[in-house]
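Engineer: Next up is a structure, given as structure tokens.
Residue numbers (our numbering): 3 to 275.
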């Protein structure tokens, strides 16, 4: 009886916290279908009286949201693929290749995770400007093609693979490249999917770096496009929230589809047996 009561209390508390977390998302979706009068009403309305699509039409007219969405998609995909390639190769080297100073190099590699992004932003900006990459696809993607977190995540997963597989492949004459491509990568799909979702969402939600290095609307990303819906004179919140809804849909869809792989990958190595 006591255990059942404890479980009930836990589920009630979790439900309350889940509602608090989901409320901003619910309100953003709800307000995006409200008329300007309903969106500015006080006290705030929770449901639109009808599915008003004028806010979405206004978003497409005020800013080139299609271009912003395309840019964000291209940038996110390039960064995602780049991190999968670099992190998987680095993780394999740290997990399966013996070389002098490997522990020290790995420690230094992981230490970079403690450096705030703001510290490296100015050196990266100066480098990108010197190379003539301002307002370009290279400038938006190249600084993010490597990930210490992704390397750590994949290394921990690679270490779980049975060592006997590696020994058997060596006996059969399989080198590191073939073993990596034919055996390690297919067996590591949960971890690779986790890194893919993580890298895509991080790239999709970038704001400060694209704002810093892009000048033209042709290279702006969608996060900056949403900020352009706020005007100095006033803020029409149903327009802003309609834009936010358009931005959230791809990331929410990816998160829902990849949630199972994300949880499996992040918990890999947390337990033995």
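Ideal placement from N, C-alpha and C gives every residue a C-beta, glycine not left out.
Note that the structure is a prediction, hence the values are computed from the model and not measured.
(1) Can we say the stretch 148 to 162 touches the stretch 111 to 123, given the rule of at least three CB pairs closer than 8 Å?
(2) Might you give, ordered along the chain, the residues of its own chain that have their beta carbon closer than 7 Å to the beta carbon of residue 78, omitting 5 neighbours on each side?
(3) If you draw a straight line from the C-alpha of residue 68 to the C-alpha of residue 150, how long is it?
(4) Taking 8 Å as the cut-off, decide whether the C-beta atoms of residue 241 and residue 97 are in contact.
(5) Whole-angstrom Cβ separation of residue 147 and residue 223, contact assumed at under 8 Å?
(6) Give me the residue from 160, 185 and 162 with the minimum Cα distance to residue 172.
(7) Would DSSP call residue 66 helix, strand or coil?
(8) Are the Cβ atoms of residue 32 and residue 45 separated by less than 8 Å?
(9) Between residue 20 and residue 35, what straight-line distance do the alpha-carbon atoms span, to the nearest angstrom?
(10) Fully enclosed by the stretch 127 to 203, which alpha helix (DSSP H) runs are 4 residues long or longer?
(11) State yes or no: is the C-beta of residue 208 within less than 8 Å of the C-beta of residue 225?
(12) Here's the rule: buried if 16 or more other CB atoms are within 10 angstroms of the residue's CB, otherwise exposed. What is residue 229?
(13) Apart from the five residues just before and just after residue 256, which ones in its own chain have a Cβ nearer than 8 Å to its Cβ?
(14) Go to residue 225, then tell me how far its alpha helix (DSSP H) extends in each direction, as first and last residue.
(15) Taking only the alpha-carbon atoms, compute the straight-line gap between residue 142 and residue 74 and give it to the nearest angstrom.
(16) For residue 162, does the count of other Cβ atoms within 10 angstroms reach 16, so buried, or fall short, so exposed?
(17) Beta carbon of residue 30, beta carbon of residue 247: below 8 Å?
(18) Under the three-state reduction of DSSP, which class applies to residue 19: helix, strand or coil?
(19) Buried or exposed: residue 27, going by 16 or more other Cβ atoms within 10 Å of its Cβ?
(20) Taking the alpha helix (DSSP H) that residue 50 belongs to, which residues open and close that run?
(21) With DSSP collapsed to three states, give me the class of residue 114.
(22) For residue 54, which option in 63, 47, 62 and 38 has the closest C-alpha, if you only look at C-alpha atoms?
(23) Look at residue 159 and residue 190 and say whether their C-beta atoms are less than 8 Å apart.
(24) Between the Cα of residue 218 and those of 66, 24 and 17, spot the shortest distance and give me the residue it belongs to.
(25) Give the straight-line distance between the Cα atoms of residue 116 and residue 40, rounded to the nearest whole angstrom.
(26) By the three-class DSSP mapping on this structure, what secondary structure does residue 43 have?
(27) Does DSSP classify residue 103 as helix, strand or coil?
Structural biologist: For this structure:
(1) yes
(2) For residue 78, same chain residues with a beta-carbon under 7 Å away, outside a window of 5 residues either side, are 202, 205 and 206 in chain order.
(3) 32 Å
(4) Result no, Cβ atoms of residue 241 and residue 97 do not sit closer than 8 Å.
(5) So it is not a contact: roughly 17 Å between Cβ atoms.
(6) Checking every option, the nearest Cα to that of residue 172 belongs to 185.
(7) coil
(8) no
(9) 23 Å
(10) 139 to 143, 150 to 162, 165 to 173 and 178 to 181
(11) yes
(12) exposed
(13) 199, 202 and 203
(14) 224 to 229
(15) 10 Å
(16) exposed
(17) The beta carbons of residue 30 and residue 247 sit closer together than 8 Å.
(18) The answer is helix: DSSP assigns residue 19 an H, G or I state.
(19) exposed
(20) Here residue 50 belongs to no alpha helix (DSSP H), and DSSP marks it neither H nor E.
(21) Under the three-state reduction of DSSP output, residue 114 falls in the helix class.
(22) Answer by Cα proximity: 38.
(23) Cβ atoms of residue 159 and residue 190: closer than 8 Å.
(24) 66
(25) 46 Å
(26) coil
(27) coil
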